[in-house]
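In the numbering used here, the protein residues as written are 64 to 281.
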């Protein structure tokens with residue numbers, strides 16, 4: 064929710080996650096949180112879902128620039144989560160057209176709360192919280208710059224397919240109950256109940272060696 068950037072270094076591989084192995088299981092995890100929130104009574108504690116650990120390295124930034132960290136491990140999760148969040152934002156926004164006037168403010172609040180997690184208050188490329196490697200930037204930007212019309216964003220490939228999948232399942236959830244209540248629950252689930260542990264590297268650590276160790280040796 065803070066204005067900051069997570070950039071992916073060039074030694075990282077491009078996007079490889081797919082629907083069967085990662086997107087569907089990720090949404091199943093979100094759906095589990097949604098079920099728990101719908102069944103919650105009063106202020107009862109609801110269990111979060113743990114998404115694992117990501118490894119980051121603080122990078123120097125020029126005066127006036129946003130704080131920046133390089134993603135040493137976790138770029139597949141961070142970029143996919145950005146697409147999921149954009150899909151949820153658009154699905155909530157698209158429900159405004161058919162909702163009652165009394166519900167519009169609550170639904171728009173839910174949309175704006177999610178939107179804060181996908182865009183910095185900045186210009187040009189600093190608006191993107193996550194910035195992939197060169198190969199993935201075009202498809203990623205096409206998704207993140209898309210409109211809330213339910214259409215697959217301009218371009219093709221895994222990023223657009225992920226957006227279409229998450230947009231569809233988010234819309235299906237929104238149709239399961241009162242519009243304003245479902246929008247609030249969906250917004251709350253993706254903002255507050257999907258948890259990551261962050262490991263920040265020290266200056267003497269070697270990022271590429273750590274990346275290779277994590278991926279080659281587990």
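Just so it is clear, CB atoms sit at the ideal spot from N, CA and C, and this is done for glycine as well.
Bear in mind that the values here come from a model prediction, so they are computed numbers and not experimental data.
When the distance is taken between beta carbons, is residue j closer than 8 Å to residue i?
i           : j           : result
residue 73  : residue 264 : no
residue 205 : residue 223 : yes
residue 89  : residue 248 : no
residue 141 : residue 96  : no
residue 225 : residue 143 : yes
residue 116 : residue 145 : no
residue 170 : residue 246 : yes
residue 174 : residue 188 : no
So what's residue i in DSSP terms, helix, strand or just coil?
i           : result
residue 104 : coil
residue 121 : strand
residue 237 : helix
residue 140 : helix
residue 131 : strand
residue 114 : strand
residue 69  : strand
residue 221 : helix
residue 194 : strand
residue 159 : helix
Can you list, in chain order, the residues of its chain with a C-beta nearer than 7 Å to that of residue i? Leave out the 5 residues immediately preceding and following it.
i           : result
residue 228 : 82 and 86
residue 77  : 196, 198 and 199
residue 114 : 140, 257, 258 and 259
residue 230 : 150, 153, 154 and 213
With residue i and residue j assumed to form a contact (beta carbons below 8 Å), what rounded beta-carbon distance in angstroms separates them?
i           : j           : result
residue 220 : residue 202 : 5 Å
residue 250 : residue 179 : The Cβ separation is near 10 Å, so there is no contact.
residue 129 : residue 67  : 6 Å
residue 184 : residue 243 : The Cβ separation is near 27 Å, so there is no contact.
residue 237 : residue 158 : 5 Å
Looking only at its own chain, which residues have a Cβ that is under 6 Å from the Cβ of residue i, when we skip the five neighbours before and after it?
i           : result
residue 80  : 139 and 143
residue 262 : 116 and 118
Counting only the same chain and skipping the five closest in sequence on each side, list residues whose C-beta sits under 8 Å from that of residue i.
i           : result
residue 273 : 118, 135, 136 and 264
Cβ contact (3+ pairs, closer than 8 Å) linking the segment 92–112 and the segment 244–259: Taking a cut-off of 8 Å for Cβ pairs, the segment 92–112 and the segment 244–259 touch, as three or more such pairs fall below it.
When the Cβ atoms of the segment 114–128 are set against those of the segment 150–163, are three or more pairs found closer than 8 Å? The segment 114–128, when compared against the segment 150–163, does not touch it at the 8 Å Cβ threshold.
Three-pair Cβ contact test at 8 Å for the segment 155–166 versus the segment 130–141: Too few Cβ pairs lie closer than 8 Å, so no.
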